[in-house]
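Read in the numbering used here, the sequence shown has 79 at position 73, and its numbers run on one by one without any break.
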Amino acid sequence: KGNIGEDWAKEIILLYSQGLLNIYKPVIDDRGIDLIVLKEKLYTPIYLQVKTRFNVHKRNRLILTINGNTFKPHHSYYIVAFSFDQSKMKMSDKILLIPSEEIATLGSQLSDGNWRITVSMTGGKTTGKYKNYLVSREEFVNTLLERIETISSIIK
Numbered sequence: 007k008g009n010i011g012e013d014w015a016k017e018i019i020l021l022y023s024q025g026l027l028n029i030y031k032p033v034i035d036d037r038g039i040d041l042i043v044l045k046e047k048l049y050t051p052i053y054l055q056v057k058t059r060f061n062v063h064k065r066n067r068l069i070l071t072i073n074g075n076t077f078k079p080h081h082s083y084y085i086v087a088f089s090f091d092q093s094k095m096k097m098s099d100k101i102l103l104i105p106s107e108e109i110a111t112l113g114s115q116l117s118d119g120n121w122r123i124t125v126s127m128t129g130g131k132t133t134g135k136y137k138n139y140l141v142s143r144e145e146f147v148n149t150l151l152e153r154i155e156t157i158s159s160i161i162k
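1. Can you give me the start and stop residues for the alpha helix (DSSP H) that residue 13 sits inside?
2. So, for residue 50: in the same chain, excluding its five sequence neighbours on each side, which residues have a beta-carbon less than 8 angstroms away from its beta-carbon?
3. Which of the three DSSP states, helix, strand or coil, is assigned to residue 28?
4. In the DSSP output, which residue or residues are listed as bridge partners for residue 56?
5. Alpha carbon to alpha carbon, how far is residue 47 from residue 18? Give it in angstroms, no decimals.
6. Check whether the Cβ atoms of residue 112 and residue 145 sit closer than 9 angstroms, and answer yes or no.
7. If you draw a straight line from the C-alpha of residue 90 to the C-alpha of residue 21, how long is it?
8. Decide if residue 34 is buried, meaning its Cβ has at least 16 other Cβ atoms within 10 Å, or exposed.
9. In the DSSP assignment, find the unbroken beta strand (DSSP E) run with residue 33 in it and report its ends.
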């Protein structure tokens, strides 16, 4: 099921960036990075950990667990979460996009070292502390583009 979310992320990034962004998949998938995003002719990557949930609409909660052994916050590392609405047989219109540096503030660390993010959702929306992190497909891609540009200008 995880590959479905990763493929969905790749499709959105490729289509909505109109060819400006390229996506790469690491050969080894045990370090918490599912996709690497680069802008054409810039070598400033954005790293994505993609989470996909298929039971959000039954309980109105999007629950994510982030592996504490592989998770290391970084300015170019994001957690991306998709939820599949089984009643409509499609991915939700909203995407959860959280900078990894904000996980410690927003989430809670479990006794095993993992991180837990719990987003209450009704109809694909939330009014809680995660409301600013639910974005449209366009906002998702624009955020990636803006972040790459910002990092590239700082590094120059």
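Idealized CB from N, CA, C, for every residue including glycine.
For this structure:
1. 8-22
2. 44, 82, 154, 157, 158 and 161
3. strand
4. 86
5. 20 angstroms
6. no
7. 20 angstroms
8. exposed
9. Per DSSP, residue 33 belongs to no beta strand (DSSP E) and is neither H nor E.
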